[in-house]
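In terms of the UniProt record's numbering, the sequence shown has 55 at position 55, counting the first letter as 1, and numbering is strictly consecutive. Just so it is clear, CB atoms sit at the ideal spot from N, CA and C, and this is done for glycine as well. This one's a predicted model, so the numbers in the text were calculated from it and none came from an experiment.
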Amino acid sequence: MWTRTSRAQHSRAGLRIASDLTDAEWAVLEPMMPQAKRTGRHRTWPSRLVLEAIFFVLRSGCPWRMLPERFPPRQTVYGWFLLWRDRGLFEALAHRLVLLERERSGREASPSAAVIDSQSVRTTEAGGPRGYDAGKKIKGRKRHIMVDTAGRPLVLRSHSAGIQDRDGAVPPCRPRASASPSSKRSSDSAYAGERVAQATCITPEIIRKPKGQIGFAVQPRRWVVERTFAWLNRNRSRARDFERTIASAEAFLYAASVMLLVRRLGRSA
Numbered sequence: 001m002w003t004r005t006s007r008a009q010h011s012r013a014g015l016r017i018a019s020d021l022t023d024a025e026w027a028v029l030e031p032m033m034p035q036a037k038r039t040g041r042h043r044t045w046p047s048r049l050v051l052e053a054i055f056f057v058l059r060s061g062c063p064w065r066m067l068p069e070r071f072p073p074r075q076t077v078y079g080w081f082l083l084w085r086d087r088g089l090f091e092a093l094a095h096r097l098v099l100l101e102r103e104r105s106g107r108e109a110s111p112s113a114a115v116i117d118s119q120s121v122r123t124t125e126a127g128g129p130r131g132y133d134a135g136k137k138i139k140g141r142k143r144h145i146m147v148d149t150a151g152r153p154l155v156l157r158s159h160s161a162g163i164q165d166r167d168g169a170v171p172p173c174r175p176r177a178s179a180s181p182s183s184k185r186s187s188d189s190a191y192a193g194e195r196v197a198q199a200t201c202i203t204p205e206i207i208r209k210p211k212g213q214i215g216f217a218v219q220p221r222r223w224v225v226e227r228t229f230a231w232l233n234r235n236r237s238r239a240r241d242f243e244r245t246i247a248s249a250e251a252f253l254y255a256a257s258v259m260l261l262v263r264r265l266g267r268s269a
């Protein structure tokens, strides 16, 4: 519940644009960003401004061509986005920030339990891989995310919505897909197939509906991952999937995770 204290704590009023980074947030990210080469052509635009432009597109949902003039040219921003996407920078930043945020809250850096779930979203006419989710009556893509018990994103994957949950959950469950392997994973009955159980040596715990339940009821630990979906979808570009490629869709998901975690670390600095 929002109070005057919490609103003041989360306020971005002092920034020119609410998606910009504060000095405390940039102090957290700067050591993790790729350093400029000592030789060769010097950068015209600093990494901080380029990253703020990517966060603006992510948060506002505007096209690259409509970036405000205070940011670098859209060709420059988009070029850096593709370079960082292909190098896995957003995923690496997200994993590193999860470890820092867990340590800040007094937890072990590597989580011992995780929760996995999926969300189907519609795509646009941009094209790219898509499918039809018969269960949710949605044509588009499906997002599989794995979070720790506090909702911090660990693994974020995107694929066609036509792929069923028990098949789409295999890549996130594999140990090599996560920088923070867990000893226990919770999921719903859609992940009860053998493929999910054989994807890793860890047997998932299936959280089923209690017998005799009528109507909606909050299930243990299941609400954690649903809350994370809500956090990610507060970025307007994630309300739908506008990206042509799966790689860009996943890069934006990890960028949303970076924005979420770095704000928490910046407030505590």
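Drop a sphere of 10 angstroms on the beta-carbon of residue i, count the other beta-carbons inside from all chains shown, and report buried for 16 or more, exposed for fewer.
i      : result
Pro34  : exposed
Arg176 : Unreliable positioning characterises Arg176 in this predicted model, as indicated by a pLDDT of 47, which lies under 50. The coordinate reading is nonetheless provided below. Exposed is the call here.
Asp117 : buried
Arg160 : For the record, residue 160 in the displayed sequence is Ser; it is not Arg. With 16 or more other Cβ atoms within 10 Å, it is buried.
Glu101 : buried
Met259 : buried
Glu250 : buried
Asp148 : buried
Asp86  : exposed
Leu261 : buried
Leu154 : buried
Arg7   : exposed
Per DSSP, what are the beta-bridge partners of residue i in this structure?
i      : result
His144 : Ser118, Arg157
Ile138 : Asp133
Thr123 : Asp241
If you compare alpha carbons, which of the options is closest to residue i?
i      : options                   : result
Gly79  : Glu108, Arg222, Leu51     : Leu51
Thr228 : Arg267, Leu100, Arg143    : Arg143
Val57  : Arg107, Leu261, Ala256    : Ala256
Leu31  : Arg96, Thr5, Gly168       : According to the sequence displayed, residue 31 carries Pro and not Leu. If we check each option's Cα against that of Pro31, Arg96 comes out closest.
Gly140 : Trp64, Ser158, Leu15      : Ser158
Ile246 : Gln164, Gly131, Gly151    : Gly131
Lys136 : Ser120, Ile145, Ile214    : Ser120
Glu125 : Arg240, Ala27, Gln9, Thr3 : Arg240
Mind reading off the beta-carbon distance from residue i to residue j? Whole number of angstroms is fine, and I expect it under 8 Å.
i      : j      : result
Arg244 : Gly127 : 5 Å
Ala53  : Val77  : 4 Å
Asn233 : Arg59  : Not a contact, Cβ separation roughly 12 Å.
Leu99  : Ala114 : The Cβ separation is near 14 Å, so there is no contact.
Leu253 : Arg104 : Leu253 to Arg104, Cβ: 23 Å. No contact.
Val224 : Gly151 : 5 Å
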